[in-house]
Structure formats: C-alpha cells, structure tokens
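Okay, so here's the structure we're looking at.
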Amino acid sequence: MPIPFNMNRLKDTEIHYPQRFSNMLTKNYGLLFYNEGNKASQESNHAVILDLIGVESSLRDIEFFYKSKGIHPCIYPALTNKELEILTPLLEDHNFTLKIKQSDFFLHDHESSLRESEELKIERIHQLDIDIMETIAIEYGGDWTIKVVERHLTHPSYHFLGGYYQGELATMASVSIFAGYSRVDDVFTREKFRGKGFAGGMMHHLINYHRNISQNYLYLQSDLPSAIKIYEKAGFSRLPKDFQFWVAYKEHN
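Letter by letter, the sequence shown follows residues 1 to 253 in full-length UniProt numbering.
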C-alpha cells in the first residue's frame with residue numbers, strides 16, 4: 001500500500017528543497033540557506049524561522065549572517081499557522097519589506113485530461129547550452145536563475161525537461177525527487193510558442209515521465225491563474241491550507 005499523504009511531509013520537502021542548489025546551516029531557531037556564488041537569488045539565500053520563541057535575537061542573527069556575506073537578508077515562511085501574527089511586528093521593527101503571496105499547493109491526484117503534443121519533442125536536459133541559458137536569462141528568470149538550474153543539474157534526482165518545436169526550445173519544466181514527494185518547478189513556455197497546446201503537452205508528458213521513475217506524491221506551488229487552469233486539467237487539485245506564503249527581505253544591507 002502507498003504511504004498515506006501527509007501535509008507536514010510536503011511542507012518539510014518544500015522548506016528543505018533549496019539544499020539542492022545552496023548550502024544549509026542549521027541553527028537553534030531554524031535554517032539558513034546560502035550560496036555565495038549566487039547572491040542575487042532569494043531562493044538560494046534565505047532563512048526559515050522554525051522556532052518562534054526569542055524571534056528578536058533570531059532576526060539579529062539572521063541579519064548579521066547574511067550581511068557578513070554581502071547578501072541581502074531574506075526570510076521565507078515555515079508554512080505554519082499564525083506565524084505572521086508573531087513575526088509581522090518584529091519584521092517591521094527590523095525594517096524588512098513583507099510581501100504576502102497568493103500561492104497554493106497543488107497535488108496530482110487524478111488523471112490528466114490533457115494530451116501530449118505530436119509537434120513537441122521532449123527530452124531530459126543534462127547541461128545548459130547557450131540557447132537555453134538565453135531563454136532563462138531573458139524570458140524566464142535572470143542570470144541568478146541560470147545559476148540555480150546549473151547547480152540543480154548536478155543532482156541526479158533533478159529532472160529538467162525541454163520541449164522543442166522544429167529544433168527550437170519552446171517549453172520547459174522540471175521535477176525534483178525527494179523522499180516520498182516530488183516537486184514540479186521551472187514550468188515555462190516561451191511567449192512566441194504560447195497558444196499551441198505546448199504547456200499542456202509538457203505537463204502531460206512530465207506526469208507520465210514521473211510515473212515511470214517514481215511512485216512519489218507529485219506536487220507544485222503556483223499563484224498564476226492561467227497556469228493553474230492547465231495544472232487542474234493535468235490532474236492537480238488545490239490543497240487546503242491554514243498558513244500563508246510570504247517573503248520578507250531587505251533591499252539594502
């Protein structure tokens with residue numbers, strides 16, 4: 001029998017996944033992720049406060065740690081109920097900018113109604129070529145995203161898929177395999193290839209691809225209504241949550 005789904009296990013996977021492309025330091029109050037080779041990436045450089053006792057001293061330690069490395073301090077959520085009630089006034093006292101995200105988790109729990117695109121050739125990418133790097137840097141994220149993907153590619157459990165139309169990269173997506181849970185990310189279709197069913201074709205392919213390599217629960221996080229429509233057609237369902245997604249950061253050290 002498959003292991004029953006556990007929301008706390010999914011949250012733990014989400015909190016720890018940056019280990020794949022950054023370093024992680026465990027503190028008595030939480031976790032510090034950092035990558036001095038990619039200082040512009042919040043995903044690679046942020047703290048997670050797991051213990052809400054003594055937050056004032058935790059914030060001072062977080063600021064000192066990142067400032068000493070020349071990195072803007074940033075904090076991600078621990079995905080717990082009411083954490084913002086405690087943290088918000090303290091974050092404001094320390095002059096952090098707080099942004100609430102309207103994201104949700106989605107779990108793949110029923111069959112896709114999409115189909116693969118016959119025009120799309122999809123393959124696993126093991127190394128970034130100049131065309132892929134230009135697409136990521138100019139259209140998808142930025143130079144910092146390239147560095148995240150490049151480091152991610154060194155891990156065998158990161159599967160980066162590219163969809164090609166007439167030899168040109170049209171769409172991409174990735175899935176990272178963890179213990180019991182797999183995380184979908186890097187879902188992107190280039191603007192000039194949109195409206196051709198390529199995004200849906202990629203998602204349908206990724207689901208079948210994952211099924212062939214893992215029996216894990218497959219999940220993703222999104223706040224984009226247009227993308228969510230495709231995910232739901234692909235068999236993903238929105239999960240109820242009793243927490244908020246947010247990020248707190250300082251733009252200047």
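Glycine is no exception: its CB is placed at the ideal position from the N, C-alpha and C atoms.
{"Item": "Would Y34 and I49 qualify as a contact pair, given that the criterion is a beta-carbon distance under 8 Å?", "Value": "no"}
{"Item": "I believe V148 touches E36 by the beta-carbon criterion, under 8 Å. Please report the beta-carbon distance rounded to the nearest angstrom.", "Value": "Rounded, the Cβ-Cβ distance is 14 Å, inconsistent with contact."}
{"Item": "When DSSP labels each residue in this structure, what does T154 get in the three-state scheme?", "Value": "coil"}
{"Item": "Which same chain residues end up closer than 8 Å to R190 when comparing Cβ atoms and leaving out the 5 residues on each side of it in sequence?", "Value": "T135, E139, L169, A170 and T171"}
{"Item": "Does the stretch 236–250 come close enough to the stretch 67–81 that 3 or more CB-CB pairs lie under 8 Å?", "Value": "yes"}
{"Item": "On the DSSP bridge assignment, give the partners of Q221 in chain order.", "Value": "F105"}
{"Item": "At what residue ranges does the UniProt domain \"N-acetyltransferase\" (120–253) contain a whole run of the beta strand (DSSP E), taking only runs of 3 or more?", "Value": "121–125, 158–165, 168–177, 181–189, 217–222, 236–238 and 245–249"}
{"Item": "Taking three-plus beta-carbon pairs below 8 Å as touching, is the stretch 60–73 in contact with the stretch 201–216?", "Value": "no"}
{"Item": "What residue from Q102, L59, G70 and H108 has the CA that sits closest to E92's CA?", "Value": "L59"}
{"Item": "Please classify N38: does DSSP put it in a helix, a strand, or coil?", "Value": "coil"}
{"Item": "Using the Cα positions of F236 and D109, report the straight-line distance between them to the nearest angstrom.", "Value": "6 Å"}
{"Item": "Let me check one thing: in DSSP terms, what residues is V48 bridge-paired to?", "Value": "L31 and Y76"}
{"Item": "Ignore the nearest five residues each way along the sequence and tell me which others in M133's own chain have a CB closer than 6 Å to its CB.", "Value": "I146"}
{"Item": "For L32 versus A248, is the C-beta distance shorter than 8 Å?", "Value": "no"}
{"Item": "Using 8 Å as the threshold, is the C-beta distance between residue 254 and K11 below it?", "Value": "Any property of residue 254 remains undetermined from this structure, which presents the chain solely from 1 to 253."}
{"Item": "Could you spell out the range, first to last residue, of the alpha helix (DSSP H) harbouring P89?", "Value": "E83 to D93"}
{"Item": "Between S113 and the rest of its own chain, which residues show a CB-CB distance below 6 Å, the 5 nearest in sequence each way excluded?", "Value": "K233"}
{"Item": "Measure the CB-CB distance between G142 and M202 and report whether it falls below 8 Å.", "Value": "no"}
{"Item": "If you run the structure through DSSP and keep just helix, strand and coil, what is N8?", "Value": "helix"}
{"Item": "DSSP three-state call for I71: helix, strand or coil?", "Value": "coil"}
{"Item": "Applying the criterion that 16 or more other CB atoms from any shown protein chain within 10 Å of the CB defines a buried residue, is A179 buried or exposed?", "Value": "exposed"}
{"Item": "So what's I53 in DSSP terms, helix, strand or just coil?", "Value": "coil"}
{"Item": "Going by beta carbon distance, what residues of the same chain come within less than 6 Å of Y158, once the five residues before and after it are set aside?", "Value": "H152 and S176"}
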